[in-house]
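Participant:
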Amino acid sequence: MSYSSYGNERLPFPFQDDLGSAVLAPDNQNVPSNAGTNTDPSLPRQSSSASSRSALESYVEQHTQPNVDVEIFPAQSSSSTSSSSVKKFAEIVAIQESCMRALIDPDQELALRLWNQSLEDMKNHYAPDVEKALSGEHQPTTNAPGNGGISVVSQIQDSSGRLGNIHNSGRVVSIEVDSLLEQIKHPMDPHMRLIYIKGHIPATSVDPIGSRFILKKLDTATTGEIIMLYNEIMPHIHTLIINIFANSVIHKLLDYGPAVYTRKLVGNLMGHVLDLSLQLYGCRVIQKAFEVADTDQKIEMAKELGSNLLKCVCDQHANHAIQKCIEFVPAHHIQFVYRSLRGKVKMLSSHTFGYHVIQKALEFCKDTQMKHVLVTEILESVNELSVDPYGNFVVQYIVEHGEPRERQIIVLKFDGRVMEMSHQKHSYNVIEKCLIHGSYMDRKRIIVEILCAAGGTTADHLLGMMVHEYANFVIQRMLEVALEWQVDVIVKLVRRHEAMLAKYPHGRDVIAQVDKVVNARAGLPGSVAPAPPQSP
1 MSYSSYGNER LPFPFQDDLG SAVLAPDNQN VPSNAGTNTD PSLPRQSSSA SSRSALESYV
61 EQHTQPNVDV EIFPAQSSSS TSSSSVKKFA EIVAIQESCM RALIDPDQEL ALRLWNQSLE
121 DMKNHYAPDV EKALSGEHQP TTNAPGNGGI SVVSQIQDSS GRLGNIHNSG RVVSIEVDSL
181 LEQIKHPMDP HMRLIYIKGH IPATSVDPIG SRFILKKLDT ATTGEIIMLY NEIMPHIHTL
241 IINIFANSVI HKLLDYGPAV YTRKLVGNLM GHVLDLSLQL YGCRVIQKAF EVADTDQKIE
301 MAKELGSNLL KCVCDQHANH AIQKCIEFVP AHHIQFVYRS LRGKVKMLSS HTFGYHVIQK
361 ALEFCKDTQM KHVLVTEILE SVNELSVDPY GNFVVQYIVE HGEPRERQII VLKFDGRVME
421 MSHQKHSYNV IEKCLIHGSY MDRKRIIVEI LCAAGGTTAD HLLGMMVHEY ANFVIQRMLE
481 VALEWQVDVI VKLVRRHEAM LAKYPHGRDV IAQVDKVVNA RAGLPGSVAP APPQSP
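Just so you know, we're using the UniProt record's numbering here: the sequence shown kicks off at 1 and counts up by one.
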């Protein structure tokens with residue numbers, strides 16, 4: 001017996017399998033098969049069998065989507081009329097709709113109210129029946145309590161094309177799947193292989209235990225087993241890819257051939273690249289797709305991201321997809337990416353996620369002219385970016401990997417601000433990078449400004465730097481790269497005030513660094529010699 005609901009009521013409807021036979025109304029009165037009366041004047045009068053056929057035909061025409069062919073395996077039935085196979089989800093709903101139409105009678109107000117329920121509510125009511133039919137274990141018209149679980153994936157894709165969700169947060173409660181998961185957790189055969197879960201790959205992959213099993217067995221899987229995974233996952237790719245566990249399976253599966261199946265799986269992502277890139281788990285698979293896809297697919301994916309590039313650059317997930325795009329797509333195919341960044345480099349360099357993309361663009365841009373444009377925008381705002389929580393990383397990148405002329409410009413712009421920057425939380429890192437990667441003249445300019453900050457009459461500012469939480473690192477770096485006479489100035493100062501410096505944790509760090517330098521000069525083990533100065 002099936003049940004339907006209206007409001008808070010739960011109403012039994014014993015349907016017969018033959019649509020043309022009599023059906024019992026809610027008050028157990030027989031409704032004749034040729035009942036053609038209808039309370040809706042807009043609907044023509046017709047027989048219930050004709051109504052059933054028209055409902056079935058119209059529903060299938062309106063709701064059956066091409067390329068979404070969900071095969072259903074009906075359970076065994078003792079009735080010959082119920083042994084016919086129902087091939088599509090749309091047909092099941094249409095059959096149930098036809099039964100509802102047969103209930104309509106001018107004298108039955110309750111039946112009319114039921115008929116006026118939305119089609120979506122009807123789908124929700126009959127979903128358990130449909131899922132039982134999908135599992136092949138139960139009659140699709142049986143909805144009694146305790147008669148089974150749910151199918152692998154409760155929602156693949158709705159009519160609007162939006163991505164669906166795994167039912168019940170990815171936990172599959174099908175009896176057969178639970179049995180498989182129990183075998184995986186407590187295996188009778190220690191050599192259990194992927195082939196043992198054939199037909200249940202999507203269900204297994206959305207379970208934490210099942211996904212770990214698949215990930216482990218992929219390393220020793222045969223070609224046939226890998227192809228089996230591709231074939232079972234691809235019909236549900238848009239749902240599985242955003243699942244917390246299944247996305248890991250897809251991510252690793254892309255590392256395994258054959259290439260034709262990898263290409264087919266990536267091809268199924270086309271048209272959804274932007275949406276998936278903005279999603280926590282989907283972006284991981286998109287990143288992997290940029291690594292393994294063919295060049296033409298990479299270009300197509302890049303164009304999808306380019307449709308809303310700035311949103312992706314500033315998104316906590318999609319910015320990683322943009323970085324992979326810049327890294328793995330040939331530069332001459334993504335000039336539109338660099339053109340989109342032009343004029344926005346300062347803003348993006350100060351953004352929580354955008355600065356990653358700017359660094360990646362500077363690393364992989366092959367167009368000298370375009371790269372010069374991006375770097376120029378950074379140099380124009382280098383003082384502001386150096387003290388920014390995120391922009392300082394972009395400046396550090398140019399100091400470390402840029403041209404000597406670019407480093408020289410940066411150091412010149414710091415002229416008169418080195419002491420201030422050495423005490424700042426973010427900019428002291430930039431000063432350190434300049435000392436490490438700068439030329440002889442660059443280092444000389446910075447060190448002289450620090451040593452002579454007080455006009456050369458006192459060394460109190462140096463002692464203050466040695467006990468400061470940030471500036472002490474600049475002093476330690478100076479000990480490694482400064483000229484010998486400059487190192488002697490710092491060493492003598494530390495020795496005279498060693499007792500005072502030892503009271504401060506950062507002062508003790510400077511003392512330890514001085515000891516290393518002194519030991520290096522004496523040739524003792526466990527010491528770090530100062531780096532030789534570079535030529536100007």
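Even for Gly, the Cβ is constructed at its ideal location relative to N, Cα and C. None of these values were measured; they are calculated from a predicted model.
For D296 versus A331, is the C-beta distance shorter than 8 Å?
Facilitator: Result no, Cβ atoms of D296 and A331 do not sit closer than 8 Å.
Participant: Closest by CA to S205, which one among G224, S179, I233?
Facilitator: Nearest option by C-alpha distance: I233.
Participant: Do you know offhand how far V249's Cα is from G267's?
Facilitator: So the two alpha carbons sit approximately 18 Å from each other.
Participant: Report the rounded CA-to-CA distance for M301 versus N319, giving the unit in angstroms.
Facilitator: Their backbone Cα atoms lie some 14 Å apart in a straight line.
Participant: Could you give the DSSP three-state label for E403: helix, strand or coil?
Facilitator: Residue state, collapsed to three classes: coil.
Participant: Check the C-beta distance from V345 over to L374 and give it rounded, since I have them as a contact under 8 Å.
Facilitator: The pair is a contact, with the Cβ atoms about 5 Å apart (cut-off 8 Å).
Participant: With DSSP collapsed to three states, give me the class of D207.
Facilitator: It is coil, neither helix nor strand.
Participant: Helix, strand or coil, according to DSSP, for S350 in the structure here?
Facilitator: In the structure shown, S350 sits in coil (DSSP, three-state: anything other than H, G, I, E or B).
Participant: Could you compute how far the alpha carbon of L435 sits from the alpha carbon of N472?
Facilitator: Between L435 and N472, the C-alpha separation is close to 14 Å.
Participant: For V357, which residues from the same chain have a beta carbon less than 7 Å from its beta carbon, with the 5 sequence-adjacent residues on both sides left out?
Facilitator: If we look at V357 and ignore the five residues flanking it on each side, its Cβ neighbours are V313, N319, I322, Q323, L348.
Participant: Between L451, P389, G402, which lies nearest to F353 when the distance is taken from Cα to Cα?
Facilitator: It is P389 whose Cα lies nearest to the Cα of F353.
Participant: Going by Cα to Cα distance, which pick from L379, G455, Q424 is closest to V395?
Facilitator: Comparing Cα positions, the closest option is L379.
Participant: Rank N247, G199, M188 by C-alpha distance to the C-alpha of R212 and give the top, closest one.
Facilitator: Nearest of N247, G199, M188 to R212, Cα basis: N247.
Participant: Alpha carbons only, please: which of Q424, I490, E480 is nearest the one belonging to C452?
Facilitator: Taking only the C-alpha atoms, the option nearest C452 is I490.
Participant: Look at the Cβ atom of G391, then the Cβ atom of S350, and state whether they are nearer than 8 Å.
Facilitator: Yes, they are a contact pair.
Participant: Should the segment 417-424 be regarded as contacting the segment 464-471, the criterion being three or more beta carbon pairs within less than 8 Å?
Facilitator: In short, these stretches touch, since the Cβ pair count reaches three.
Participant: Could you tell me the alpha carbon to alpha carbon distance between M465 and E384, rounded to whole angstroms?
Facilitator: For M465 and E384, the distance between alpha carbons rounds to 22 Å.
Participant: Do three or more CB pairs link the segment 220-237 to the segment 193-201 at distances below 8 Å?
Facilitator: Touching, yes.
Participant: Only counting runs of 4 or more residues, tell me where the alpha helix (DSSP H) segments fall wholly within the segment 408-443, in order along the chain.
Facilitator: If we require 4 residues or more, the alpha helix (DSSP H) runs fully inside the segment 408-443 come out as 418-422, 427-437.
Participant: Tell me whether the beta-carbon of H317 lies closer than 8 Å to the beta-carbon of L278.
Facilitator: It is a contact, given that the beta carbons lie within the stated cut-off.
Participant: Do you know how far the Cα of K360 is from the Cα of A454?
Facilitator: If you take the alpha carbons of A454 and K360, they lie about 41 Å apart.
Participant: Answer with buried or exposed for P202, where buried requires no fewer than 16 other C-beta atoms within 10 angstroms of its C-beta.
Facilitator: Classification for P202: buried.
Participant: On the three-state DSSP scale, how would you describe F213?
Facilitator: In this structure, F213 counts as helix in the three-state DSSP scheme.
Participant: Below 6 Å CB to CB, which residues in the same chain sit around M370 once its five sequence neighbours on both sides are set aside?
Facilitator: So the list reads Y338, once near-sequence residues are dropped.
Participant: Just how far apart, CA to CA, sit L362 and Y397?
Facilitator: So the two alpha carbons sit approximately 9 Å from each other.
Participant: If we ignore side chains and look at the alpha-carbon of each, how far apart do P187 and I227 end up?
Facilitator: Cα to Cα, P187 sits roughly 24 Å from I227.
Participant: Based on Cα-Cα distance, which residue from S381, V292, K492, F393 lies nearest to V517?
Facilitator: When each option's Cα is compared against that of V517, the closest is K492.
Participant: By how many angstroms is the C-alpha of S427 removed from the C-alpha of S386?
Facilitator: Those two C-alpha atoms are separated by around 5 Å.
Participant: So, using beta-carbon positions, are Y504 and V467 closer together than 8 Å?
Facilitator: Yes, Cβ-Cβ distance for Y504 and V467 is below 8 Å.
Participant: With a 10 Å radius around its C-beta and 16 neighbouring C-beta atoms as the bar for buried, classify F336 as buried or exposed.
Facilitator: By the neighbour-count rule (16 or more Cβ atoms within 10 Å), F336 is not buried but exposed.
Participant: Going by other Cβ atoms of all chains shown within 10 Å of its Cβ, with 16 needed for buried, is V260 buried or exposed?
Facilitator: Result: exposed.
Participant: Return the CA-CA distance between L253 and Y281, expressed in angstroms with no decimal places.
Facilitator: Cα-Cα distance, rounded: 15 Å.
Participant: Between which two residues does the alpha helix (DSSP H) containing Q279 stretch?
Facilitator: Careful: Q279 lies outside any alpha helix (DSSP H) and carries neither H nor E.
Participant: Keeping to the same chain, check which residues put their C-beta closer than 6 Å to that of L309; ignore five residues upstream and five downstream.
Facilitator: Around L309: S340.
Participant: Do you know how far the Cα of C365 is from the Cα of V70?
Facilitator: Any reading at V70 needs caution, since the residue's pLDDT is 38, under 50, leaving its predicted position unreliable; the model's value is listed next. Those two C-alpha atoms are separated by around 46 Å.
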